[in-house]
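Okay, structure first, notes after.
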Amino acid sequence: MDSSLPATEAGGAVAPPPPVPAARSGDAPVPAPGPRLDWRIRFALLALVWGLSFLFVKISGAAYAPLHVALGRVVFGALTLLAVLAFKREALPRNPRLWLHLAVAAFLLNALPFTLFAYSEERITSALAGICNATTPLFTLLVAVSALPGERPSRNRLAGMALGFLGVLVVFGIWNGANVGDPVGAGMALGAALSMGAGWVYVRRFLTDSGHSSVALSAAQVTAGAVELAVVTPFLTSVPTHFPLVPTLSLIVLGALGTGVAFLIQYGLVRDAGATVASMVTYLVPVVSTAAGVVVLGEVLKWHQPVGALVILAGAALSQRPQSPAAGKRGGRGRDLPDA
């Protein structure tokens, strides 16, 4: 749920990629595309990879501190994306101002939410963390309406936000005094979703017209996130001295697949099936994360958690539903948000 461009991953929701600029004189020729895997298979693979990311965070966290999990995730993700960038013979951006925007995006979409999810899963189940991640599209809409000039929500979007946040209350079992096991852990997971929502609004505002490909921007963004975490981690936690096999492999898979390969799958999915279809993967991620937590880790769900998850997903779906032209004329509908 990669938070690298064009989509957020686990934690993450889905957002369309920035437009790929037309070839300029002197650019390397674009090779003819080879055979592609059916988009339905790639759709399922993407949901599986992002849904399992919460499982990998939990397994990695059994041996590594949360900051080490977050750092390893972006390091292996950056290495994967940089390798793809080299294979495509593309270069990283060179504009210092653009790198400043990338650093902010990396903090909001990678460094902060990955750290919060790692800390949260010390306190709550991976299944609940995946459910909280499903609120990212709602936070994206909320931040966009608040921060982007001229962004007026339609009735569907307002109703979707209200329904989605009602679902959060159901997940938390608010009638039992927010009985979620650990409200701090759940709050961290929701904070991660809020951070990614703000990050996607920032990306839309400052990075979508940068003139660089999505692969270059994503590689730069995740690399910036790796640098940010590499700077602060030594001051906040001790250096690991043991590297158990299973947690280490889990961390490598989390970064290389969940933050690297998943982006490439998503980018191709948006290209071949469209952003709207690709955004629907958001609805399968909590299903996969919940199933993985229950089956692999033996996690126990309270009845209201999957019910609340369904309400959240219904709200997210409603917020993305186009408003009828007649309603738009009556309500003065503003610009559409991207599928998020």
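Going left to right, the sequence shown walks through residues -18 to 321 as the numbering used here numbers them.
Beta carbons: idealized from backbone N, C-alpha and C, even for Gly.
Predicted model, so just to flag it, every value in this text is computed and none were measured.
Three-pair Cβ contact test at 8 Å for the segment 53 to 69 versus the segment 232 to 241: yes
message: Alpha carbons only, please: which of Ala197, Val292, Asp253 is nearest the one belonging to lysine 69?
response: Closest option to lysine 69, Cα to Cα, is Ala197.
field: Separation of alanine 87 from arginine 136, as counted between CA atoms
entry: 32 Å
- prompt: Curious, which full-length alpha helix (DSSP H) runs of at least 4 residues does the segment 148 to 189 contain?
  reply: 164 to 187, all fully within the segment 148 to 189.
query: Which first and last residues belong to the alpha helix (DSSP H) in which serine 195 is found?
result: 195 to 217
Coil, strand or helix - glycine 58 by DSSP: helix
- prompt: Just checking my contact of leucine 373 with glycine 111 at CB under 8 Å: how many whole Å lie between their CB atoms?
  reply: Nothing in the structure corresponds to residue 373, since the chain is present only between -18 and 321.
query: Can you find at least 3 beta carbon pairs, one from the segment 77 to 92 and one from the segment 18 to 38, that sit closer than 8 Å?
result: no
task: Report the three-state DSSP secondary structure of threonine 116 (helix, strand or coil).
output: coil
query: If you draw a straight line from the alpha carbon of leucine 278 to that of threonine 271, how long is it in whole angstroms?
result: 10 Å
Sequence-distant residues of the same chain with beta carbon closer than 6 Å to leucine 232, five excluded per side: The residues Ser41, Gly53, in chain order, have a CB closer than 6 Å to that of leucine 232 in the same chain once the five nearest residues on each side in sequence are set aside.
query: From what residue to what residue does the alpha helix (DSSP H) around glycine 289 run?
result: 285 to 301
- prompt: Should proline 303 be labelled buried (16 or more other beta-carbon atoms within 10 Å of its own) or exposed?
  reply: With fewer than 16 Cβ atoms within 10 Å of its Cβ, proline 303 is classed as exposed.
field: 8 Å Cβ shell around tyrosine 367 - same chain, five flanking residues per side excluded
entry: Past the boundaries of the shown model lies residue 367; the chain is included only from -18 to 321, so the question cannot be answered.
- prompt: Quick one: is the Cβ of leucine 26 within less than 7 Å of any heavy atom of the ligand HEM?
  reply: What this structure holds is no ligand at all, so the ligand HEM is not there to describe.
- prompt: Is DSSP giving phenylalanine 224 helix, strand or coil here?
  reply: Coil at phenylalanine 224, not helix or strand.
message: Tell me the DSSP secondary structure of leucine 109 in three-state form.
response: If DSSP states are grouped into helix, strand and coil, leucine 109 belongs with the helices.
Threonine 96, buried or exposed, once every other Cβ within 10 Å from all chains shown has been counted against 16: buried
message: Do proline 94 and serine 176 have their beta-carbon atoms positioned less than 8 Å apart in this structure?
response: Here serine 176 is near proline 94, since their CB atoms are less than 8 Å apart.
query: Taking just the CA atoms, how far does leucine 90 sit from glutamate 132?
result: 22 Å
query: How would you write the range of the alpha helix (DSSP H) that threonine 96 sits in, first residue to last?
result: 93 to 101
message: What would DSSP say about asparagine 76, mapped onto helix, strand or coil?
response: If DSSP states are grouped into helix, strand and coil, asparagine 76 belongs with coil.
message: Please report the straight-line C-alpha distance between serine 219 and alanine 64, rounded to a whole angstrom.
response: 29 Å
message: Given this structure, state the Cα-to-Cα distance separating alanine 140 from alanine 297, to the nearest angstrom.
response: So the two alpha carbons sit approximately 10 Å from each other.
message: With three or more C-beta pairs closer than 8 Å as the rule, is the segment 148 to 158 touching the segment 207 to 219?
response: no
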